[in-house]
Every structure is written in structure tokens, then in C-alpha cells.
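Trainee: Below is one structure. I have some questions about it.
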Amino acid sequence: MDTILWPIKVAVAWVMVWIHKFLVLIGMPDGPGVAWVLSIVGLTIVVRLLIMPLFVKQIRASRGMQLMQPELQALQAKYKGKKDPESQRRQQEEMMALYRKHGTNPMSSCLPILIQMPIFFALFRVLANLEKLAEGTYPGHASIGPLTAQLAEQVQQSTVFGAPLSASFMNSNDTTTKIVTIVMIVVMGITQWYTMAQLSMKNMPESSKNSDNPMMRSQKMMTTIMPIFFAFTGVQFQIGVLVYWVTTNLWTMGQQFFTIRNMPAPGSDAEKKYRARVNAKRARQGKPSLEEEEAAQRQAELEAAGRTGGQRVQPVRKDRQRKRTTNPRTTPREREQIAASFEEEESEEKAVEEIETTAGLTPEEIARRRYEKRARQRAQRKNGGKKRKPR
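Residue numbering for the sequence shown follows our numbering, beginning at 20 and increasing consecutively.
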């Protein structure tokens, strides 16, 4: 593992040493002490800043996953009980099309933690080898990048509330180290739990909070499992690694708090509070509320579509559409295809209606979804009721 992680270990050592030099430059004491502890905190901040674009992508993917849940449940209801290969293939294709439509990917939410894991293990190995490096017995290398034997000894002697950075619960008989380890594991578990819980409690629409939602079930499971996982594995980590993980959890909490407060998911409790704050501010400024402004914008779009769309195309009832299948000019194969498309459309509409009535959608969400559906129908009628064939 040390061979595979060597380039990352060198990068970790460079960041720690340069942050330590900067802290000494601004007045902190050189040698063993708090500057080396803060260098690990600084390492965490550098890593989180570097993966900021991935965090933005994670937020967008998470929001897309939340918004697509009613459609995903309708798709699952449509293919419920159909286990034949053709139905499974079509369900998979429609599900992938749904992901593309909302611009999301289930793996996007895992990218930040996956990127951090090699850095996490590299820091673990750097701290684990401090004693050998300080004694000059580290195999194959006299230093890890700029981290020489002298600096390794300084890091090894630095402490957090009396517990050495390189010590862990399992490899130390010191009571102080064990107490500090337990306290930091508890803090790490609580921050991890809150980070996951605030996503499901504050930033998910009501329609996504029912027990039939797979995303909600997995979110609840992760909220329970992750703190337990860290409680059992944390006793193996050095104090320095725990400092890194607690810092990254606190960073994530602050980042999520800012995102949920200012960019909430549509239909969530956070969005209701956000709209209430914005509407109160707009009222003080003498401006209309967000709802009034959005209604005016929708009305303007409808009027613009009526002015530029030429002669209005009246919607054709399904019974009249079905009469087209009896047209003598229509071939038997075309009639079968038209009938199959009608049946599929009806089953999908019934599934969507069932989801809307039973999944707990708010009136605002139902209105938004129906408005989007009507907009798609208007765009299709504007093109003559036909989908443009790909070239």
C-alpha cells in the first residue's frame, strides 16, 4: 500500500510542511506544538477547496435525484410485476433517459468522499511511519518529500489535549490518548450524522419523504450506518487522522448549511423558509412576492406563445384520436403501433396520477408539474404534433 500511495504521501507531506512554515512565519512557535496540528487542519481545508467543483456537482445531482423521484416512482409502478427481459430492458432505458433529463447521476453524490479516501489513507500512513522516519529506519527512503527525520520527530511530539498526533487508541496505553480518541470519535459520529440528517430533514420535498422512496430509504440507512462504522473503525486511526476527519465533517456541515439556506431544493421545508425570508424582504422593499412574480411570468409566457404560435391547435380527445386507427389509409401495423402508444400513454398517466395523489405532493409541486407538462404539449403542438426525426 505504501508503494501505491507514495505520490499522494509526498503531496500530503508537502502541504503539511508548507502550511507549518507559513504558520511559523506569522508568529507561531517552531518545533513540536500547535502549528503541526493546524497544518493538518490546513491540509483538510486545501483538499476541500480543491474538490469544491465536485461538491457543486454533488449538490446538483442530489437535487436532480430529489426532483425525479415522483417520475421514478411512476416508472416503477408502470413496470411493476413485469420480470421478462424485454420489460427489464425498457425500464432500464427509460430510467437512464430520466437521469439524463434531470442531469443527475447516482454516483455523483459519492465523488467528494471517494476523492478524499486516498488522501485520508495517505495521511494515515504518513503518521504511522513517523517513528521509523524519525529514527532513520524507514525502509527505502530517508524522508517523505520535504518531511525529514527532524520534522517527523517534531510532528510525533506534537499533541492534541495531551494526546500525540501519531498515537491511536489501539497502539497506546496512555489514558489521555484513549479519552481524547473516544471524544473525537463521538464528535466525528455526531457531525457525520447531522451532515446526512439535514439533507433528508430539511432539503427534501415532502413527496420524497415517504417510505416507498428508495433514495429516502438509503439516506436513512446511511444516516444510521456511517456513525456506527466510524465508531468501530475510529479506534484504529491516529489522533492526526481524527483531526482531519472531524475538520472535514465540520467543513461539510457549514457548506451544506449555506447551500440549503440559499439554494434549497424545490418543494422542501428549506425552500418554504427561503421563500418566506425573500418575500419578507421584498415586502419591505415594496416589491411583489416570488409567487406573484412567477405567476406574472407564466402569464406572459402564455400570452407570448398565443401571439407567436399562429392559429391555436385545439387538443384532440382520445376517442377522436382512436378513430384515426380506423382510417382505411392506415396500415394494420401502423394501427397496432398507434393503439400500443395509446395504451402506454394511458398507463403512464394513470401511474403519474396515482403517485401525485398518494405520494403527498404539495399543491405547489402538483401545479408546477402540470404546468411543465402543458408547456411540453404546447411545444409539441407548435411543431405540428410530431416529434422531429433525428437526421
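Each residue gets a CB set at the ideal place from its N, CA and C atoms; glycine is no exception. Nothing here was measured: the structure is a model prediction, and the numbers come from that model.
(1) Give me the Cα-Cα distance between V179 and T278, rounded to the nearest whole angstrom.
(2) What ranges does the alpha helix (DSSP H) occupy inside the stretch 51-127, keeping only unbroken runs of at least 4 residues that lie completely in it?
(3) Taking contact to mean at least 3 C-beta pairs separated by less than 8 Å, is the stretch 26-42 in contact with the stretch 162-169?
(4) Can you tell me the Cα-Cα spacing of V332 and V297, whole angstroms?
(5) Does the structure place the stretch 255-271 close enough to the stretch 135-154 that three or more beta carbon pairs sit under 8 Å?
(6) Report the residue from M114, F74, A141 and V66 whose alpha carbon sits nearest the alpha carbon of A93.
(7) Counting only the same chain and skipping the five closest in sequence on each side, list residues whose C-beta sits under 6 Å from that of M35.
(8) Just curious, the alpha helix (DSSP H) that T267 is in, first and last residue?
(9) So the candidates are D49, V66 and A319; which of them puts its Cα closest to the Cα of A141?
(10) Do G83 and G122 come within 8 Å of each other at the CB atom, strictly closer than that value?
(11) With DSSP as the reference, please indicate the residues paired to T178 in a beta bridge.
(12) In this structure, how does DSSP classify Q333 when only helix, strand and coil are distinguished?
(13) How many Å lie between K216 and E154 at the Cα?
(14) Does the beta-carbon distance from V174 to W55 come in below 8 Å?
(15) Measure the alpha-carbon distance for K97 versus G286 and round it to whole angstroms.
(16) Should P104 go down as buried or exposed, given a rule of 16 or more other Cβ atoms within 10 Å for buried?
(17) Mind checking whether N281 and Q211 have CB atoms under 8 Å apart?
(18) What are the start and end residues of the alpha helix (DSSP H) that includes D21?
(19) Between L261 and T243, what straight-line distance do the alpha-carbon atoms span, to the nearest angstrom?
(20) What's the gap between the Cα of G52 and the Cα of L42?
(21) Quick one, which of T252, P246, R397 and Q275 has its alpha-carbon nearest L321's?
(22) Out of R108, L170 and F249, which one is the CA nearest neighbour of H39?
(23) Between the C-alpha atoms of M203 and Q110, what's the straight-line distance to the nearest angstrom?
(24) Please state whether the Cβ-Cβ distance between G181 and A250 is less than 8 Å.
(25) In whole angstroms, give me the CA-to-CA distance for R108 and K76.
(26) If you compare alpha carbons, which of I70, I247 and T195 is closest to L133?
(27) Is it true that the CB of L184 sits closer than 8 Å to the CB of S191?
(28) Please go through the stretch 136-174 and give each complete alpha helix (DSSP H) segment of 4 or more residues, from N-terminal end onward.
(29) Can you have a look at I45 and say buried or exposed, based on whether 16 or more other CB atoms are within 10 angstroms of its CB?
(30) Quick check on F249: does DSSP put it in helix, strand or coil?
(31) In chain order, what residues of the same chain lie with their CB nearer than 7 Å to the CB of K151, ignoring the 5 residues before and after it?
Mentor: Reading it off the structure:
(1) 31 Å
(2) 53-69, 71-86, 88-97 and 104-121
(3) yes
(4) With a pLDDT of 43 at V332, under the threshold of 50, the modelled position of that residue is not reliable, and the figure given next carries that caveat. Spanning the two alpha carbons is a distance of roughly 39 Å.
(5) yes
(6) M114
(7) S58 and L62
(8) I258 to N281
(9) V66
(10) yes
(11) In the DSSP output, where bridge partners are listed per residue, T178 has P183.
(12) Note that Q333 scores 47 on pLDDT, short of 50, meaning its location in the model is unreliable and no value can be drawn from it.
(13) It is worth fixing the name first, because residue 216 is Ala in this sequence and not Lys. C-alpha separation (whole angstroms): 45 Å.
(14) yes
(15) Going from the Cα of K97 to the Cα of G286 covers about 24 Å.
(16) Exposed, since its Cβ has fewer than 16 Cβ neighbours within 10 Å.
(17) no
(18) D21 to L44
(19) L261 and T243: Cα-Cα distance of roughly 20 Å.
(20) 11 Å
(21) It is R397.
(22) L170
(23) 46 Å
(24) In this structure, A250 does not lie closer than 8 Å to G181 by Cβ.
(25) 28 Å
(26) I70
(27) It is not a contact, given that the beta carbons lie outside the stated cut-off.
(28) 149-154
(29) exposed
(30) helix
(31) Y157
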